[in-house]
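Start counting at 1 in the sequence shown, then tack on 150, and there's your number in the working numbering.
Beta carbons: idealized from backbone N, C-alpha and C, even for Gly.
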Amino acid sequence: MHRSLLTFAVAALLVGVGCRTSDEDKSAGGIALAKGDELTDEERGKVVAKVGDEVITLADFERQLNQQSPFARARYNSLERKREFLDSVVRFELLAREAEKKGYDKDPDVVLAKKQAMVKRFTTEEVSNLVKMGDVTEADVKAYYDAHPEEFDKPAEVRAAHILLPDEAAAKALLAEIQAKIAEDPRKARDVFADFAKARSADDQTKDTGGDLQFFGKPGESRVERGPLQPVVAPPVALAAFELEQVGDVAAAPIKTSAGWHLVQKTGFRRPYKRDLVDVSTSIRNKLFRQKKGKAMQDFIEKLRAEAGVTIDEKVLAEVEVDAPKGPMPNIGHPPMPPGLKRRGAP
């Protein structure tokens, strides 16, 4: 196992149980030390420091130093600061050696950290080569574009608010009242309508939001998708909203549906657009690349699973006890995955 992975894991464990480190200790990390007799003549002539029978070469030290952030690197221009960084590396290695002597390299947490680092490096350097961007062809991009017109060809959408009333007489009377109020200050048309909706609408689903029906498409010619929690917009109401010219305009007469009589106001508008293939080919290619990469990774895992002969005892699995969380539960979504791996179905 690469020594730097081990020393990183050991140092992290030691810090966790109370070892004190400086800022330089935390930034330095471990260096892959080598035996003196494993080096070339040129490398042996460029040894910065020795830790027992192992050495830190100039190349190793420069590599570690240059892995720091640009801000951190700027601090190490002088010989004194370089010596401080080297001292922190040496202290780190001494702690790692001592921890290894005491068997911390066999601690389950250290073994897990070492394995995680190894998997991350493996998936980054080798598994990532399963699929290349060039594997996504122009034909693939064109096929996706043709198969998903709803992503690139959007019809017009309107947003509207409504007030539902039980009978035509009440609807006409309220419409006259709203029109008179708006005439006092047309700039406040939407606020006026929303206030009346909250106070008078019989639609419990939308009255608290000022009668907001959200965005919708024109009946019979729209592919606008609406979620199950969005208000249902009856076709006559939708058509009335599309016929209004300006945002803030109110339909001149109540609209009848099976639910009752609706007063309708236009509150928003989205213009139709069509994006050509040349304008979206890059985003499609990136999306297909992520999909291909995820599929290749999953196929690779399935191949390894078959070769290894994985078996799972469901009865024992059912006996697993999970400690109850302490304090408020964070919103973390899915449980964490090992480094370098992705959940099945993820792009």
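**Request:** Assuming residue 286 contacts residue 447 (C-beta within less than 8 Å), just tell me the rounded distance between them.
**Result:** Here residue 286 refers to the residue found at position 136 of the sequence shown. Here residue 447 refers to the residue found at position 297 of the sequence shown. Wrong, their Cβ atoms sit about 16 Å apart, outside the cutoff.
**Asked** From what residue to what residue does the alpha helix (DSSP H) around residue 224 run?
**Response** The sequence position of residue 224 within the sequence shown is 74, counting from 1. Here residue 224 belongs to no alpha helix (DSSP H), and DSSP marks it neither H nor E.
**Message:** Contact defined as beta carbons within less than 8 Å: I believe residue 413 pairs with residue 313. What is the distance between those atoms, to the nearest angstrom?
**Reply:** Taking the first residue of the sequence shown as position 1, residue 413 is located at position 263. Taking the first residue of the sequence shown as position 1, residue 313 is located at position 163. Indeed they touch by this definition, with Cβ atoms about 4 Å apart.
**Reference residue 380; option with closest CA among 458, 456, 230 and 355** = As a first step, residue 380 is located in the sequence shown; it is residue number 230 there, counting from the start. Here the closest residue by C-alpha is 355.
**Item:** Cutoff 8 Å; reference residue 318; Cβ partners in own chain excluding five residues on either side
**Value:** Sequence index remark: in the sequence shown, residue 318 carries index 168 (1-based). Closer than 8 Å at Cβ, skipping near neighbours: 404, 406 and 411.
**Asked** Can residue 398 and residue 339 be called in contact, C-beta distance under 7 Å?
**Response** In the sequence shown, counting from the first residue as 1, residue 398 sits at position 248. In the sequence shown, counting from the first residue as 1, residue 339 sits at position 189. Yes, the pair counts as a contact, with Cβ atoms nearer than the cut-off.
**Asked** How about the region 353-368 and the region 304-312: do they share at least three Cβ pairs that are nearer than 8 Å?
**Response** The region 353-368 vs the region 304-312: in contact.
**Request:** Put residue 207 into one of helix, strand or coil per three-state DSSP.
**Result:** Within the sequence shown, the letter at position 57 stands for residue 207. If DSSP states are grouped into helix, strand and coil, residue 207 belongs with the strands.
**Item:** Backbone CA spacing between residue 255 and residue 288 [nearest angstrom]
**Value:** By 1-based counting over the sequence shown, the position of residue 255 is 105. By 1-based counting over the sequence shown, the position of residue 288 is 138. Looking at the two C-alpha atoms, the distance is approximately 50 Å.
**Asked** Going by DSSP, which residues form a beta bridge with residue 416?
**Response** Within the sequence shown, the letter at position 266 stands for residue 416. Its beta-bridge partners are 310.
**Prompt:** Can you give the beta carbon distance from residue 311 to residue 415, rounded, assuming they're within the 8 Å contact cut?
**Reply:** Taking the sequence shown and counting its residues from 1, one reaches residue 311 at position 161. Taking the sequence shown and counting its residues from 1, one reaches residue 415 at position 265. Indeed, because the Cβ distance is near 5 Å, the residues count as touching under 8 Å.
**Delimiting residues of the beta strand (DSSP E) encompassing residue 325** = Taking the sequence shown and counting its residues from 1, the one referred to as residue 325 is at position 175. For residue 325, there is no enclosing beta strand (DSSP E); the enclosing alpha helix (DSSP H) covers residues 318-334.
**residue 435 and residue 291 closer than 7 Å at C-beta** = The residue given as residue 435 occupies position 285 in the sequence shown. The residue given as residue 291 occupies position 141 in the sequence shown. Result yes, Cβ atoms of residue 435 and residue 291 sit closer than 7 Å.
**Item:** For residue 199, the three-state DSSP class (helix, strand or coil)
**Value:** Locating residue 199 in the sequence shown gives position 49, counting from the first residue. Residue state, collapsed to three classes: strand.
**Asked** Closest by CA to residue 242, which one among 267, 224, 282 and 201?
**Response** As a position in the sequence shown, residue 242 is number 92, starting the count at 1. Closest by alpha carbon: 201.
**Message:** According to DSSP, residue 365 sits in a beta bridge with which residue or residues?
**Reply:** Within the sequence shown, the letter at position 215 stands for residue 365. Looking at the DSSP assignment, residue 365 forms a beta bridge with 309.
**Distance between residue 388 and residue 107 (C-alpha atoms, nearest Å)** = Past the edges of the chain, shown from 151 to 497, lies residue 107, and the structure says nothing about it.
**Presumed contact (8 Å Cβ cut-off) between residue 309 and residue 364, rounded CB distance** = For the purposes of this step, residue 309 is identified with residue 159 of the sequence shown, where counting begins at 1. For the purposes of this step, residue 364 is identified with residue 214 of the sequence shown, where counting begins at 1. Between residue 309 and residue 364, the beta carbon gap of about 6 Å places them in contact (Cβ cut-off 8 Å).
**Item:** Helix, strand or coil at residue 443 [DSSP, three-state]
**Value:** Residue mapping note: residue 443 aligns to position 293 of the sequence shown, counting from 1. In the three-state scheme derived from DSSP, where H, G and I count as helix and E and B as strand, residue 443 is classed as helix.
**Request:** Return the CA-CA distance between residue 224 and residue 246, expressed in angstroms with no decimal places.
**Result:** The residue labelled residue 224 in the question sits at position 74 within the sequence shown. The residue labelled residue 246 in the question sits at position 96 within the sequence shown. Near 27 Å, if we compare the C-alpha coordinates of residue 246 and residue 224.
**Request:** Check whether the Cβ atoms of residue 208 and residue 196 sit closer than 7 Å, and answer yes or no.
**Result:** Position 58 of the sequence shown, counting from 1, holds the residue named residue 208. Position 46 of the sequence shown, counting from 1, holds the residue named residue 196. Against a cut-off of 7 Å, the Cβ pair of residue 196 and residue 208 comes out as a contact.
**Request:** Give me the Cβ distance between residue 348 and residue 358, rounded to the nearest whole Å; I'm assuming they're in contact under 8 Å.
**Result:** As a first step, residue 348 is located in the sequence shown; it is residue number 198 there, counting from the start. As a first step, residue 358 is located in the sequence shown; it is residue number 208 there, counting from the start. Correct: roughly 7 Å between the Cβ atoms.
**Prompt:** If you draw a straight line from the alpha carbon of residue 211 to that of residue 268, how long is it in whole angstroms?
**Reply:** The count along the sequence shown starts at 1 and reaches residue 211 at position 61. The count along the sequence shown starts at 1 and reaches residue 268 at position 118. Roughly 22 Å separates the two Cα atoms.
**Asked** Out of curiosity, what's the CA-to-CA distance linking residue 231 and residue 221?
**Response** The sequence position of residue 231 within the sequence shown is 81, counting from 1. The sequence position of residue 221 within the sequence shown is 71, counting from 1. Going from the Cα of residue 231 to the Cα of residue 221 covers about 14 Å.
**Request:** Report yes if the CB atom of residue 295 is closer than 7 Å to the CB atom of residue 427, and no otherwise.
**Result:** Along the sequence shown, one-based indexing puts residue 295 at 145. Along the sequence shown, one-based indexing puts residue 427 at 277. Contact flag set, yes.
**Asked** Would a C-beta distance cut-off of 7 Å place residue 390 and residue 401 closer than the cut-off?
**Response** On the sequence shown, position 240 is the one that residue 390 refers to. On the sequence shown, position 251 is the one that residue 401 refers to. Yes, they are a contact pair.
**Three-state class that DSSP yields for residue 400 in the structure shown** = Start at 1 with the first residue of the sequence shown, and residue 400 comes out as number 250. Shown here, residue 400 sits in a strand according to DSSP, grouped into three states.
**Item:** beta strand (DSSP E) segment containing residue 357, residue limits
**Value:** Taking the first residue of the sequence shown as position 1, residue 357 is located at position 207. First-last for residue 357: undefined, no H or E at that position.
**Item:** Exposed unless 16 or more other CB atoms sit within 10 angstroms - verdict on residue 328
**Value:** What you label residue 328 is simply residue 178 of the sequence shown in a count that begins at 1. It counts as buried.
**Asked** Expressed to the nearest angstrom, what Euclidean distance is found between the alpha-carbon atoms of residue 257 and residue 244?
**Response** Here residue 257 is taken as the residue at index 107 of the sequence shown, counted from 1. Here residue 244 is taken as the residue at index 94 of the sequence shown, counted from 1. When rounded, the separation of the alpha-carbon atoms in residue 257 and residue 244 is 18 Å.
**Message:** For residue 264, report the span of its alpha helix (DSSP H) as first-last.
**Reply:** Looking up residue 264 in the sequence shown gives position 114. Residues 258-275.
**Message:** So, with DSSP's three-state summary, where would you put residue 407?
**Reply:** Translated into the one-based positions of the sequence shown, residue 407 becomes position 257. In the structure shown, residue 407 sits in a strand (DSSP, three-state: E or B).
**Prompt:** In three-state DSSP terms, what is residue 454?
**Reply:** Here residue 454 refers to the residue found at position 304 of the sequence shown. In this structure, residue 454 counts as helix in the three-state DSSP scheme.
**As assigned by DSSP and simplified to three states, the class of residue 426** = As a first step, residue 426 must be located in the sequence shown, where it is residue number 276. Residue 426: coil per DSSP, three-state reduction.
**Per DSSP, the bridge partner or partners of residue 315** = For the purposes of this step, residue 315 is taken as residue 165 along the sequence shown, with counting starting at 1. DSSP output for residue 315 lists 411 as bridge partner(s).
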